[in-house]
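Numbering (our numbering), first residue to last: 1 to 105. Glycine included, each C-beta is placed from N, C-alpha and C at the ideal position. Please read all numbers here as calculations on a predicted model, not as lab measurements.
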């Protein structure tokens with residue numbers, strides 16, 4: 001089973017990376033919710049914490065903190081596969097990735 005802390009941090013990190021260019025388009029939001037919906041075991045009560053990141057831009061320092069936290073939480077092959085699948089999904093639904101988003105990844 002995947003750790004809840006990893007799942008929530010992954011969700012927040014994906015959103016933070018999408019905000020790197022200063023905007024979160026309706027298409028990004030829709031596709032992100034679809035991607036996040038495929039992440040197993042995202043607790044409903046944790047979803048509220050994740051939604052805060054959708055509602056307003058994520059500062060560079062917070063994005064860096066989330067990336068560092070995610071890196072520390074990826075401790076098993078299962079966790080690594082989950083993170084890479086989510087990142088792959090993100091790249092698939094992003095038609096054109098802004099340079100800021102590429103750098104954040």
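Per the C-alpha coordinates, the member of 18, 12 and 75 positioned closest to residue 91 is 18. Counting only unbroken stretches of 4 or more residues, the alpha helix (DSSP H) elements lying wholly within the segment 22-88 are 26-37, 44-55 and 60-73, in sequence order. Contact between the segment 48-65 and the segment 7-14 is present: three or more C-beta pairs spanning the two stretches fall below 8 angstroms. Residue 20 places its beta carbon 8 angstroms or farther from that of residue 62. Excluding sequence positions up to five before and after residue 57, its CB lies within less than 7 angstroms of the CB of 19 and 22, all in the same chain and listed in chain order.
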